[in-house]
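Report on one structure; see the data block that follows.
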Amino acid sequence: MSLDWSLLAEYAPALAHGTLLTIVLWLGGSVLALGIGFAMALLLAAGPDFLRAPIRCYVEFFRGTPLLVQLFLAYAGGPQIGITLSAFTVGLWGLGLYGGAYFTEIFRAGFAAIPPGQLDAARSFGFSRAQSVRHVVVPQIMVLVLPPAVNMLIVILKDTAVLSILTIPELTFQVTGMTLETFAFVEPYLALAVLYWALVELTALGGRVTEARLTHRLAWG
Amino acid sequence: MSDFLGSTSAAASVALLLIGAGMTIAVSAASILLGFVIAVPVCIARLSRFRVARWAGGVYVSFFRGVPLLVQLLVIYYALPSVGLELPSFFAAALGLAVCTAAYQAENLRGGFLVIPVGQVAAARAFGYRGAQIWRHILLPQALRASAPAIVNEMIAILKASSLVSVVGVADLTRVSQNIVARDLKPIQWYGLAALIYLVISLGVAALGRGSERRLGRGGLAAAL
Numbered sequence: 044m045s046l047d048w049s050l051l052a053e054y055a056p057a058l059a060h061g062t063l064l065t066i067v068l069w070l071g072g073s074v075l076a077l078g079i080g081f082a083m084a085l086l087l088a089a090g091p092d093f094l095r096a097p098i099r100c101y102v103e104f105f106r107g108t109p110l111l112v113q114l115f116l117a118y119a120g121g122p123q124i125g126i127t128l129s130a131f132t133v134g135l136w137g138l139g140l141y142g143g144a145y146f147t148e149i150f151r152a153g154f155a156a157i158p159p160g161q162l163d164a165a166r167s168f169g170f171s172r173a174q175s176v177r178h179v180v181v182p183q184i185m186v187l188v189l190p191p192a193v194n195m196l197i198v199i200l201k202d203t204a205v206l207s208i209l210t211i212p213e214l215t216f217q218v219t220g221m222t223l224e225t226f227a228f229v230e231p232y233l234a235l236a237v238l239y240w241a242l243v244e245l246t247a248l249g250g251r252v253t254e255a256r257l258t259h260r261l262a263w264g
Numbered sequence: 023m024s025d026f027l028g029s030t031s032a033a034a035s036v037a038l039l040l041i042g043a044g045m046t047i048a049v050s051a052a053s054i055l056l057g058f059v060i061a062v063p064v065c066i067a068r069l070s071r072f073r074v075a076r077w078a079g080g081v082y083v084s085f086f087r088g089v090p091l092l093v094q095l096l097v098i099y100y101a102l103p104s105v106g107l108e109l110p111s112f113f114a115a116a117l118g119l120a121v122c123t124a125a126y127q128a129e130n131l132r133g134g135f136l137v138i139p140v141g142q143v144a145a146a147r148a149f150g151y152r153g154a155q156i157w158r159h160i161l162l163p164q165a166l167r168a169s170a171p172a173i174v175n176e177m178i179a180i181l182k183a184s185s186l187v188s189v190v191g192v193a194d195l196t197r198v199s200q201n202i203v204a205r206d207l208k209p210i211q212w213y214g215l216a217a218l219i220y221l222v223i224s225l226g227v228a229a230l231g232r233g234s235e236r237r238l239g240r241g242g243l244a245a246a247l
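Below, the structure written as structure tokens:
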């Protein structure tokens, strides 16, 4: 078996475009997921009671079913009830809603870990409500939430590959197209795997560095 | 029901869907078991006193947790045949899921070993246990018990991830629902039903997990008394 890497150079523009789209979907999906998860956790903690049941249903559905089925449901099922969405929109919001369900749980656990007495204590030291949230609650939640949140960002990055099944021309889609045109399977898929691996390890490293900084600042002011 | 699904063959389609669900369970179970068989040596390598073994175990875990499962499946399904290794799609799919879940299971198991106090090994030696016996009788049972909740989570993750085997030609729940939708054009009903079946299976696995955790807990107490 001889590996032919010149093929990769030939397909460089398509691969660059695919990589860019993968990163756009990852960042966009992550921002949506973080926003949705934070809002839902906040509503669970401090919102009206009647919202609890629908939010729990949302979380259970999106965590209990495969992303691929959720995407099919929206992409193929949408037009059936008059909502026709582009594959890109379905993919981006699919990642956002799917990740958002997990982030709801991550933030909920973070909020639940702070004893309410701490707020009272901060208030009795003369902190305003905003100050006690800013200086007492948020730093602790950040430390608790960071490791599972970084994990989730990695899950979202890897799940962008699933969007290739909806024919969104991200990296995995481009590489699959390339293998079907050239009948070379080994080199492109190997390069693809290594690229994702590098992105995931970089993200994990970023998470570890941020965590070290955060805990250092908490411990040493 | 047949009105909602809107065709006389709806009952037949539901039956197909259930067969697909059976395939989903089969491929998930096979890969969890095979994954465990791979995970044990990977975990032991991660805990080894030899640096090369630790490094190799670490690379395995990092690689298979760092590459999207879909890409792993595509590699096994398309790239392996082109170097002369052809597998039937069920085995290719189960193997793809297994090498992936093995990386997660190895880490869970490692977490289970790390909570065992070091003194126990010295105590076992004092009682005349030797290396392999210590692993078999002292360390592995405790590590398994400690990592049981994580294993249940991993089963649910693999159950959902198994929907990707639909891409490499396995007639699982996702693939069957796709086929039915292609024929009768009712995506909301069929994908909705498929989603519901996934939800029921994963809730079932979670309930089984809670049950066996209680039993394991009792076993632990009984053994201690």
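If you read the sequences in order, they're chains A and B.
For the first sequence, this note's numbering assigns the number 44 to the initial residue and increments by one for each residue that follows.
For the second sequence, this note's numbering assigns the number 23 to the initial residue and increments by one for each residue that follows.
Ideal Cβ placement from N, Cα and C applies to all residues, glycine included.
So, at 7 Å on beta carbons, what are the nonlocal neighbours of residue i in its own chain, with the 5 sequence-adjacent residues on each side left out?
i, result
"Thr219/A", "Ser207"
"Trp69/A", "Ile199, Leu200 and Thr203"
"Leu69/B", "Arg132 and Phe135"
"Glu129/B", "Val83"
When DSSP labels each residue in this structure, what does residue i get in the three-state scheme?
i, result
"Ser175/A", "helix"
"Thr62/A", "helix"
"Pro212/A", "coil"
"Pro4/A", "What is shown of chain A runs 44 to 264, which leaves residue 4/A out entirely."
"Tyr220/B", "helix"
"Asp194/B", "coil"
"Met44/A", "Its pLDDT being 45, under 50, Met44/A is placed unreliably by the model, and the measurement read from it follows with that caveat. If DSSP states are grouped into helix, strand and coil, Met44/A belongs with coil."
"Arg152/B", "coil"
"Pro91/A", "coil"
"Leu138/A", "helix"
"Arg71/B", "coil"
"Leu107/B", "coil"
"Ala245/B", "Bear in mind that the predicted position of Ala245/B carries a pLDDT of just 44, short of 50, making it unreliable; the figure below should be weighed with that in mind. Helix."
"Gly125/A", "coil"
"Gly84/B", "For the sequence presented, residue 84/B should be read as Ser rather than Gly. Here Ser84/B sits in helix by DSSP."
"Phe150/A", "helix"
"Leu131/A", "One detail in the question is off: residue 131/A reads as Phe in this sequence, not Leu. It is helical."
"Leu86/A", "helix"
"Ile47/B", "helix"
"Phe81/A", "helix"
"Val237/A", "helix"
"Ala207/B", "One detail in the question is off: residue 207/B reads as Leu in this sequence, not Ala. In this structure, Leu207/B counts as coil in the three-state DSSP scheme."
"Phe58/B", "helix"
"Pro139/B", "coil"
Could you check if residue i is buried or exposed, using at least 16 other CB atoms within 10 Å of its CB as the buried criterion?
i, result
"Phe149/B", "exposed"
"Leu230/B", "exposed"
"Ile173/A", "The question names Ile, yet the displayed sequence has Ala at residue 173/A. Ala173/A is exposed by the Cβ-count criterion."
"Phe72/B", "exposed"
"Cys122/B", "buried"
"Gly72/A", "buried"
"Gln155/B", "exposed"
"Glu176/B", "buried"
"Thr132/A", "exposed"
"Val137/B", "exposed"
"Thr108/A", "buried"
"Val83/B", "buried"
"Ser53/B", "buried"
"Asp92/A", "exposed"
"Ile124/A", "exposed"
"Cys65/B", "buried"
Within the same chain, show all residues whose beta-carbon is closer than 8 Å to that of residue i, passing over the 5 residues directly before and after it, in chain order.
i, result
"Val180/A", "Ile157, Gln161 and Leu162"
"Val203/B", "Pro209, Trp212 and Tyr213"
"Leu50/A", "Met221, Thr225, Ala227, Glu230 and Pro231"
"Arg166/A", "Arg172 and Ser175"
"Ile281/A", "The structure shown does not extend to residue 281/A, since chain A is modelled only from 44 through 264, so no value can be given for it."
"Met44/A", "Only weak support exists for where Met44/A lies, its pLDDT of 45 falling under 50; the value from the coordinates is given anyway. Excluding residues within five positions, the ones whose Cβ falls inside 8 Å are Val229."
In terms of residues, what are the limits of the alpha helix (DSSP H) holding residue i?
i, result
"Tyr101/A", "Arg95 to Gly107"
"Leu126/B", "Per the sequence shown, the amino acid found at residue 126/B is Tyr instead of Leu. Its alpha helix (DSSP H) spans residues Ser111 to Leu136."
"Arg166/A", "Gly160 to Ser167"
"Pro171/B", "Ala170 to Ala183"
"Lys201/A", "Val181 to Asp202"
"Leu186/B", "From DSSP, Leu186/B is part of no alpha helix (DSSP H); its letter is neither H nor E."
"Ser49/A", "Ser49 to Glu53"
"Tyr100/B", "No alpha helix (DSSP H) contains Tyr100/B, which DSSP labels as neither H nor E."
"Ala156/A", "It is not in any alpha helix (DSSP H) - Ala156/A carries neither H nor E in the DSSP assignment."
"Phe115/A", "Leu110 to Gly120"
"Leu91/B", "Leu91 to Leu96"
Give me, in chain order, the residues of the same chain whose beta-carbon lies closer than 6 Å to that of residue i; leave out the 5 immediate sequence neighbours on both sides.
i, result
"Ala88/A", "Phe154"
"Gly118/B", "Gln94, Leu95 and Ile98"
"Pro56/A", "none"
"Thr215/A", "Ala204 and Ser207"
"Ile197/A", "Val243 and Thr246"
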